[in-house]
Every structure is written in structure tokens, then in C-alpha cells.
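Going down the list, the protein sequences come from chains H and L.
Start counting the first sequence at 1; every next residue gets the next number (my numbering).
Start counting the second sequence at 75; every next residue gets the next number (my numbering).
Glycine included, C-beta positions come from ideal geometry on N, C-alpha and C.
On a predicted model such as this, the values are computed, not experimentally measured, just so you know.
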Amino acid sequence: MILRGLLLLAVLVSLAACSPIKPWVKPYERQKIADEIMSFERDPIADAYLHHVFDAREAARGGDGASGGGCGCN
Amino acid sequence: MRVKPRAVVMAHREVAVAVINRWLIMSAMLLASSTFAAVLPDERIDVLYHGYDGGGAEIDGPSILVRKNIGTAVSVSANYYVDMVSSASIDVQATASPYSEERKESGFSGQYMIDRSTLKFGYTQSKENDYDATTYTFGIDQSFFGDLTTLGFGVSFGEDIVGQNTDPTYKRDLQRRKYSVNASQIVTKNLLASLSFDSATDQCLNLTDDQSCLNNPYRSVRYLNGTGGYLYQRELYPHTRNSDALGLRAIYYLPYRASIRAELRKFSDSWGIDADNAELRYLHPYGERFLFEVKYRIYDQTGADFYSDLFPYRDAQNFLARDKELSPFSSTTIGLGVTYKIPAGFIPWFDKSTANLYWDHFDIDYDDFRDARVSPADYAAGEEPLYSLQADVIRLYFSFWF
Chain H
1 MILRGLLLLA
11 VLVSLAACSP
21 IKPWVKPYER
31 QKIADEIMSF
41 ERDPIADAYL
51 HHVFDAREAA
61 RGGDGASGGG
71 CGCN
Chain L
75 MRVKPRAVVM
85 AHREVAVAVI
95 NRWLIMSAML
105 LASSTFAAVL
115 PDERIDVLYH
125 GYDGGGAEID
135 GPSILVRKNI
145 GTAVSVSANY
155 YVDMVSSASI
165 DVQATASPYS
175 EERKESGFSG
185 QYMIDRSTLK
195 FGYTQSKEND
205 YDATTYTFGI
215 DQSFFGDLTT
225 LGFGVSFGED
235 IVGQNTDPTY
245 KRDLQRRKYS
255 VNASQIVTKN
265 LLASLSFDSA
275 TDQCLNLTDD
285 QSCLNNPYRS
295 VRYLNGTGGY
305 LYQRELYPHT
315 RNSDALGLRA
325 IYYLPYRASI
335 RAELRKFSDS
345 WGIDADNAEL
355 RYLHPYGERF
365 LFEVKYRIYD
375 QTGADFYSDL
385 FPYRDAQNFL
395 ARDKELSPFS
405 STTIGLGVTY
415 KIPAGFIPWF
425 DKSTANLYWD
435 HFDIDYDDFR
445 DARVSPADYA
455 AGEEPLYSLQ
465 ADVIRLYFSF
475 WF
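As C-alpha cells, this is what we get:
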């Protein structure tokens, strides 16, 4: 199911890549994006610890934007 | 070395679950901090005290992170983490006695920036008296379309050795692999989004059919003994676990200076577990020095195909599990936190410093995991009350930028 959804997304992205794309948010329009309150991981050491607790208490893993791997969650 | 009773260690692994992954996630987050532009991450030092208290287990300890740039293209970081465990969880109370233990891990990561690409690597090692884990990670990010889009690929290789305190000859080799794809997008000048897909495989090596490596070697399952009561036998797991996870995250800058963040994740694995979770997080600055955060998260999962709280008889299936983390359950988490920006100059040598306190409360209701600590005289086997768990998690940390 997840893989099928991803394949569909990949096709859509591939189609979009066939046409020229210009940046629609100019660099001078990114002051809000650069604000610290817009960060997915503002404080990595603290965020990682909370992820660790979730991993410990739940069977699910991954899909959180972290490119690390493995768990060893016996 | 002190040898713990067999079941004493049962909850040891339960409360320590995912320790190995914790640093991996952290190293990835370090690298992900530059997701929306090909720039090196901030140079900083973080000193964290972490505390977990719930379900009879208390785990706390320090974690220290140092991240430094070398020249204009290289960033390196190091992390040291300690878990001090004092456990009397439900598994321990049912079949053993409380115990205390310590676990240490260390890791290093780095990244090298070339134009709009970033190469990333990581190494971590976790050691405890019955479990060693080593993991290597590698990844690459590339930004496109004037840095509006960032596409990343990652892979990790893990080699674990699972031991058992009561049997010095017990040794299980576990091989872990994980492949990740991540796409981050500046959608508008107020909206960021990120889509992540992970595919992971855990594989036991060189085992016979009656051996396992993916379970806690101290944990047992219950089965009916034919006379109204129950007995225990060891768990037995498949030798392989494959899982896929797809996550979507977004942050929106509100019309005033505050942000709201949403996260959705879908997970499924080869053991029959399907899980979903959703989270909302609101971040609100107050004045120039304070940042307040409120969070609400829900999580729901189905149970593994071979999970049962009480099997009908001994060796009822080829695979047997009674790990409550593999049972069907739902949970909610609420979180509150505050960051205080320490006035510049108050702490010399640092450009910026913050003091942070975050609290999260977990409330987990298990749908098919019963509290076997009750007296058999009061409850028939399989009629015990369902278990629920409440836990509080504290993160107190100081961050320094230089």
C-alpha cells in the first residue's frame, strides 16, 4: 500500500520534472522560512531522545525524516 | 560481573528499546537541520538531562553533543549518551525482581558539502552487558530549483550481537539494514513540507529454527495449562522483519509570529503490524526571550500475527510473542515545553545560549495485554484486567552556539 502510493508520487514528480520549474519562492521571500520556529528539528539532541522513547514504546519505526537506520529493539 | 536472574533482565531490554536507534536518529537530525539549503549546520554544544518515569521503570542520564565546522565545507559532531536504568516494570514484577543497570553509547557523524550536494556519514556504538551494536550510516542530499526542493537518500548498516547474562554461550548475530528517501519542499513562503520513506530489514544470522534473535531473550509467553491456570515458555520470533514507513510533515507560519506543525505517519511490517500516528505541535514565541510549545500526538497499532496474551496450549504456534509493544494498542501523548534565551554576554564565549525544559506525558491503553500480576485466586487466566501505562518524560537541556 505504502509502496503503491510512493510509486504514484514518483510518477507525478517525474512528469513535473519534464517541464521547466522556476523557484516560486524567491530568496528574499524566505525570511519566515528561516525563522527558528519553522525548523523540523530545532534542537537535535532533544528531538532524538523523544524519538528514542517513541521507538521504545511502539512497534512502528522510521518515516520520521531521519536517515539513520536500524533499531535493535528487542 | 554480577549475574542477574533470568527474568530480572526481562524489562531491561524493554525499557532500553531503541537505544541504538536513538543516536542514529539524532545524527540524522543534525544533518537534516540544513535540509532547506546547502549550508553547514550551526556549531553548537548541547548538554541534556533526560528522564523517563513510567510503568515501574525509571531511566535517566546525560547526553552531550558537540558539533564543529572544519573550514567551510565540513561539519563534524560527537555525542555521548548514558542510560541509567532502574526497572520494576510489569514484566519484571510478574516473573522477577527489580534491577538497576547502566548503558553507554557514543557516536560520531560528519558531512561534506559540495556545491548543492551534501555527503553524510555516521558511526555509532552502543554497549551494555548483554547487547553490543555497531551501526554505519551514509547519505547524500541534493537541492534543486533554487533550493526550494531537497532530495535525500540514506542507507545504514548495523551489526548487533545479542547476549544473555545467564548463559555466557548465548550469542545471536543480528544484521540490520535501512534505506531511506526524503524529499523536503518549500511550498510557499509560509509553508514547509517533508515526505519521508524508510524501508528496514532486520535479519538473524546463523540460527536454527528453534532460536530467535529479534526478541528479548528473557521474555516468555503465557499458555493455558489445561487445569484453569497458565504456565510460561520462551518466546520464539521469525528470523526476519521487514518494515516500511511513510511520513509526511509540514510546518506553517501563522499570520502572527508562531507556527503550527502537523505530522502523519503510516507504518506496516511483515509481522502483520499496521500503525498510524498523527501529531500537532504549536510553537509560540513570547517576548524576545521565551518560546513555548504545546503538542498533542495520537498513535494506534494492530498486533503482530504471532502475538497472544495467552496461548491455548504449549507450542501453540511456530512463532510465539507476548511483548506488549507487539500487541494492539493506542496511545496519546501531550507535551509542554519552554525555551529561554539567555541574555548575550551572560555566558562568556558563546554567541547564543538557551535553557530548555520539555515535559511529555504518555498514556497507553493496551487492547490485548493483561496484567498478570494479579492473584490467580481473584481472576481466571485470560480474565485479568487489561494493562495501561502512564509515563512522564523530561528533557532539561542547555544549548550553546559558538
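Subject >> beta-carbon residue 474/L near the ligand PLP non-hydrogen atom, thresh 7 angstroms >> reply: Ligands are entirely absent from the displayed structure, and the ligand PLP is therefore not among its contents.
**OP:** Select from the segment 260 to 275 of chain L all residues with a C-beta closer than 9 angstroms to any C-beta belonging to chain H, and list them in chain order.
**Re:** 260, 261, 262, 263, 264, 265, 266, 268, 269, 270, 271, 272, 273 and 274
**OP:** Measuring alpha carbon to alpha carbon, tell me which of 265/L, 446/L and 187/L ends up nearest residue 306/L.
**Re:** 446/L
**OP:** Output yes or no for whether 8 angstroms exceeds the beta carbon distance between residue 149/L and residue 114/L.
**Re:** yes
Original post:
Going along the segment 37 to 52 of chain H in order, which residues come within less than 9 angstroms of chain L, judged by CB to CB distance?
Top reply: 37, 38, 39, 40, 41, 42, 43, 44, 45, 46, 47, 48, 49, 50, 51 and 52
Original post:
At which residues does the beta strand (DSSP E) containing residue 261/L begin and terminate?
Top reply: 245 to 262
Original post:
In chain L, what lies closer than 7 angstroms to residue 25/H by C-beta?
Top reply: 222, 260, 262 and 263
Subject >> the segment 320 to 332 of chain L: positions lying closer than 8 angstroms to chain H by Cβ >> reply: 320, 321, 323, 325, 327, 331 and 332
Original post:
Which whole-angstrom value is the C-beta distance of residue 384/L and residue 304/L, which I expect to be below 8 angstroms?
Top reply: 6 angstroms
Original post:
Is there a Cβ from chain H that is less than 8 angstroms from the Cβ of residue 83/L?
Top reply: Here residue 83/L scores only 38 on pLDDT, less than 50, and its place in the model should not be relied on; the value that follows carries that caveat. No, its Cβ sits nowhere closer than 8 angstroms to a Cβ of chain H.
Subject >> Option in 271/L, 302/L and 287/L with minimal Cα separation from residue 322/L >> reply: 271/L
Original post:
Roughly how many angstroms lie between the CA atoms of residue 59/H and residue 345/L, to the nearest whole one?
Top reply: 10 angstroms
**OP:** Using beta-carbon positions only, say whether residue 319/L and residue 65/H come within less than 8 angstroms of one another.
**Re:** no
Subject >> Spatial distance of residue 314/L from residue 332/L (CA atoms) >> reply: 45 angstroms
Original post:
Less than 8 angstroms separating the beta-carbons of residue 138/L and residue 123/L?
Top reply: no
Original post:
Count the other CB atoms within 10 Å of the CB of residue 120/L; is the residue buried (16 or more) or exposed (fewer)?
Top reply: buried
Original post:
Taking the Cβ atom as the reference point for each residue, do residue 259/L and residue 222/L lie within a distance shorter than 8 angstroms?
Top reply: yes
Subject >> Segment limits, alpha helix (DSSP H) that includes residue 59/H >> reply: Note, residue 59/H: premise wrong, no alpha helix (DSSP H); not H, not E.
Subject >> Cβ shell of residue 250/L (< 6 angstroms), same chain only, five flanking positions each side left out >> reply: 232 and 276
Original post:
Are residue 439/L and residue 293/L touching if we call contact CB-CB under 8 angstroms?
Top reply: no
Original post:
Between the Cα of residue 291/L and the Cα atoms of 310/L, 273/L, 279/L and 281/L, which residue gives the shortest distance?
Top reply: 310/L
Original post:
Which residue or residues does DSSP assign as beta-bridge partners of residue 354/L?
Top reply: 336/L and 370/L
**OP:** Kindly indicate which three-state DSSP category residue 43/H falls into: helix, strand or coil?
**Re:** coil
**OP:** List the residues of chain H that residue 317/L touches, going by C-beta distances under 9 angstroms, in chain order.
**Re:** 59, 60, 61 and 62
Original post:
Is it buried or exposed for residue 11/H, if we count other Cβ within 10 angstroms and need 16 for buried?
Top reply: exposed
**OP:** Could you confirm whether any beta carbon from chain L is found closer than 8 angstroms to the beta carbon of residue 30/H?
**Re:** yes
Original post:
So, residue 402/L versus residue 441/L, is the Cβ gap smaller than 8 angstroms?
Top reply: yes
**OP:** Tell me whether residue 47/H is buried or exposed, calling it buried when 16 or more other Cβ atoms sit within 10 Å of its Cβ.
**Re:** buried
Original post:
Is the CB of residue 202/L under 8 angstroms away from at least one CB in chain H?
Top reply: no
**OP:** Name, in chain order, the residues that DSSP records as bridge partners for residue 359/L.
**Re:** 365/L
**OP:** Report all residues from its chain with a CB closer than 7 angstroms to the CB of residue 414/L; omit the five preceding and five following residues, and keep chain order.
**Re:** 363, 364, 428 and 429
Subject >> Contacts of residue 339/L in chain H (Cβ-Cβ under 9 angstroms) >> reply: 60, 62, 63 and 64
Original post:
Considering only residues of the same chain and omitting the five flanking positions on each side of residue 456/L, which have a CB-CB separation below 6 angstroms?
Top reply: 384
Subject >> residue 461/L to residue 398/L span [Cα, whole Å] >> reply: 9 angstroms
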